[in-house]
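In our numbering, the protein residues as written are 1 to 1172. Working notes for the structure below.
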């Protein structure tokens, strides 16, 4: 027995990264030994208040014993007596248990019967098989007398409850363990107060408050205990913990931070020690503060400012730490950018205890309202500066750029050189402007005369002549486009019209200046051209307008035709009311004067269209320049039932959710079958009903839909399950991309019924005929192989009525499994395996005790790239009986008397030729092969068509597969362990790796192992610690190393494969949550290196690409989620403020209504009432 000293917790990541060899040694030890951890009162006293505050003990820091499982528990108690000095007769052990609220408490005593068993048997019975450790509490009762000798534990009954007690001192903010007591569950806490005072060192009559410590995570639960209630009534049981304290005095609320136990435990839960580092020196700790996770942004900055001696906390700016790069993130935290400290310390699901700070020269809110620009200053000539300062009222400043024709596209121009600003005087011709440009650029005459001048509009040059007046060209361009004299035009800018510019302003203002005024973030200038038409539709000057005038646009909605049309615009007074313009609107629409008005506010992400009260003024309705009003005839009772969208909001909602979906048949995914207009909010049942109605089907549940992959432009592999999505919009989304394509199938049975069933394709081989027929068998998923065989019997012709069938699993010319009749079909995969059914021959039904059932396969030799001979299988495998002492000659005779084939016993791809006199069954005695299919009787002949004759009890030999010897006492198929490699992976990969399980080099070129640390796996040298995993890789994918690049460098190949295996083992034990960018980069480099050496790692690359895709997808998702969460919180805050404003307004309105009632009474009274 070994005594293990208490140890602190190791880093979990270090535990994960233990070497394979260490883990194997631990497993070997775990089979012989178990760990028992024994806690005592001394451990509670030592840990509570120092290491832990909740529960009683940290079991990783108590005395541990490494005990052989065969040792009896009584002998273990003797070992405890030797180690801890507690005689066996004074020991009593209690079991711990984890409760539903995740707390860990004492549960019950070990029984006398349990103590008579061995340690290993006890651990198994206590259902701790998944945990090699057994946690116990050693109850050592009160020491007696001056010698402090232990006494025997007291007898207890079912009414006795063991409780543990902690004492809290509010002034010192300390919690400590003081002892335990047995109480009667019918007793009351008031009966043990004197005992508790004695344990705490208080006077016997001291008043104390009791609290039950219930749970700590995710929130503290600590409830007050009524002293006059019984322990049973308070639901106290074995192992419960009671915390007690003196009642907090009246002034303790101001003197003590945490006056009672619940507040102290709440503080412990939220306590967080944060290390602050200056952003200028991010590698060095400046100071450390103890904070609470629930502190607000202002609380945190105040604590920092207080520590730094700053008067203004708003001058503190904080920056998060990137837990992956261990560096500050790029973006600092905005002012009041988080609600609690816990939010700021969490970075992409990783918790940090480091924050970076800066001390600004101005408050952070002021800094956030400013923008810093880097400006390049160019010196200019003095006279030009003076000229720009003395601009006249009709002068303007224009941009001048150098350009040349694009050589690749003559229709385009390219800018070069430095642009500059130039003053254009009213009425100046191009000739006068050119003089100013030549003077500014100091260009020589011979060069300047070659230059051409043009006005560029949308990249197209309009060349000027020397007599053109430059200042008029912009407005002339507009007049030419629309056929409106520019004296009669006005311009408005922005997506909603906000200001109308009169023509004089248009003449004097540069286009670039207009763009800067309208939208600084948009490179385009969007204008609205206002044209007023007079008699005979001739344009007239725009009307004068004041600040009181508002320009509104109007749309007319026809509910019967479902049409929304633009009908015009009007200037209205802000103090006016919609009632005043109804006649004008009727005139525009051709209606009688009775309409409903709606304001069109926004369309994305949701429609917002609100009814307008005709009696309120436009300003009261918050209408302004550019707003849009939709109007319609009032919806009648009939129209509500006859019209799909009786009003404007419902119509806009329909347009917003309208989606045209192209439906393609899954059988012909390249041909557009039909298109339906649907709504994005339609349910799964609504969509299938619409599709079924279009196809003329009565049962919509026979429709199965498959989504579209926007990346591959193909159907997704998995169809949509019945009612598997809530809305149509979910069916059309693929990785943040929206498609308008769905694929459909028309099933022969309803989809819910199909999802509850499984279809298997079974190839039936007749006992006497050459033909093979494939049958599709559909049965409920709960069916067994026996049900499949019974169904198949109704569809096939048997050699005789009583014939029995069996189902085989065939793959790559080998029989991998004979299915037992009780196996569930839900677990059978026929996508890559071939399921073969055949009759069981009569002679197999009467096997002798020494007879064997073996696999027989066909093979011939081929040569690989290195000209080495390889065994190649072909044809169909079959099962064959061999009898004890039967020679090959007899076997050959029974297989086929006239065949000129060689017979060989093949194990792991190596043939051993047999003579006619050899005893065949003696070869099939080995048990050390990986799989049953790797040991078989081989028939060597060419892979060519041949006429086959079989005994009635055998099937056709078709493909070379491994041999399995069966006897009457053994199982009728491979064991799960033997097919572990194939069952745990994707069987389809075997089709792509034909060298799987083949030797690295021919036997005559085999290099052997380098030293005792290595092991030979398939002819290649592998570290023993990596050998078990490498064997699985070799049997599934083949060897990793090749001779394509590193020829004759065997030791180098071994070293590189060792590094690659270390990578694979690292990936194999890593969970997705532990993957970091650094790990991704490291793995990418190693895999890329292996690919350059033409090592066979394509299977690893495919899985690694999936890992990378998921990693970066999760990374982007977390970023977006963080942004959306912040936006959501901001919206919630705004909503809260709005709700508070609404309540305030409601209260004010109520008061106003009361005042109005006072005036209503006065309205009924006469003015001189009571005077005369």
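Note that beta-carbon positions come from the ideal geometry of N, C-alpha and C, so glycine has one too.
CA-CA distance, residue i and residue j?
i, j, result
"residue 991", "residue 1038", "Unreliable placement is indicated for residue 991, whose pLDDT of 49 sits below 50; the coordinate value is still reported in the next sentence. Approximately 12 Å, taken between the alpha carbons."
"residue 1035", "residue 919", "30 Å"
"residue 191", "residue 198", "13 Å"
"residue 570", "residue 358", "55 Å"
"residue 442", "residue 465", "22 Å"
"residue 696", "residue 781", "31 Å"
"residue 502", "residue 545", "Here the model assigns residue 502 a pLDDT of 27, short of 50, so the residue's position is not dependable, and the following value carries that caveat. If I take the Cα positions, the gap works out to 10 Å."
"residue 1224", "residue 815", "An answer regarding residue 1224 cannot be provided, because it is not within the stretch 1 to 1172 covered by the chain."
"residue 690", "residue 605", "26 Å"
"residue 677", "residue 653", "14 Å"
"residue 413", "residue 456", "9 Å"
"residue 736", "residue 1118", "14 Å"
"residue 125", "residue 318", "55 Å"
"residue 692", "residue 703", "7 Å"
"residue 64", "residue 134", "10 Å"
"residue 619", "residue 728", "41 Å"
"residue 1152", "residue 1146", "10 Å"
"residue 120", "residue 68", "8 Å"
Please classify residue i: does DSSP put it in a helix, a strand, or coil?
i, result
"residue 857", "strand"
"residue 77", "helix"
"residue 217", "coil"
"residue 786", "helix"
"residue 454", "strand"
"residue 357", "strand"
"residue 561", "coil"
"residue 1184", "Residue 1184 cannot be examined here, being either before or after the span of the chain that is shown, 1 to 1172."
"residue 415", "strand"
"residue 589", "helix"
"residue 301", "helix"
"residue 1021", "strand"
"residue 191", "helix"
"residue 112", "helix"
"residue 1106", "helix"
"residue 401", "strand"
"residue 1085", "helix"
"residue 1204", "Given that the chain is displayed from residue 1 to residue 1172, the structure contains no residue 1204 and the question cannot be resolved."
"residue 1098", "helix"
"residue 1029", "helix"
Would you mind sorting residue i into buried or exposed? The rule is 16 or more other CB atoms within 10 Å of its CB.
i, result
"residue 1143", "exposed"
"residue 1130", "exposed"
"residue 1028", "exposed"
"residue 631", "buried"
"residue 243", "buried"
"residue 946", "Its pLDDT being 42, under 50, residue 946 is placed unreliably in this model, and the coordinates cannot settle the point."
"residue 331", "exposed"
"residue 1061", "buried"
"residue 875", "buried"
Relative to the alpha-carbon of residue i, which residue among the options has its alpha-carbon at the smallest distance?
i, options, result
"residue 226", "373, 206, 188, 205", "188"
"residue 708", "732, 699, 698, 419", "732"
"residue 397", "346, 334, 471, 54", "471"
"residue 58", "38, 69, 75", "38"
"residue 724", "535, 739, 687, 748", "687"
"residue 717", "742, 737, 701", "742"
"residue 153", "683, 92, 339, 916", "92"
"residue 425", "257, 469, 461, 850", "469"
Could you give the uninterrupted runs of the alpha helix (DSSP H) lying entirely in the segment 648-725, keeping only those of 4 residues or more? 648-657, 684-695
Kindly provide the ranges of any beta strand (DSSP E) runs that are 3 or more residues long and lie completely inside the segment 221-281, ordered along the chain. 221-224, 241-245, 271-278
Ignoring anything shorter than 4 residues or poking outside the segment 753-811, list the alpha helix (DSSP H) runs there in chain order. 785-793
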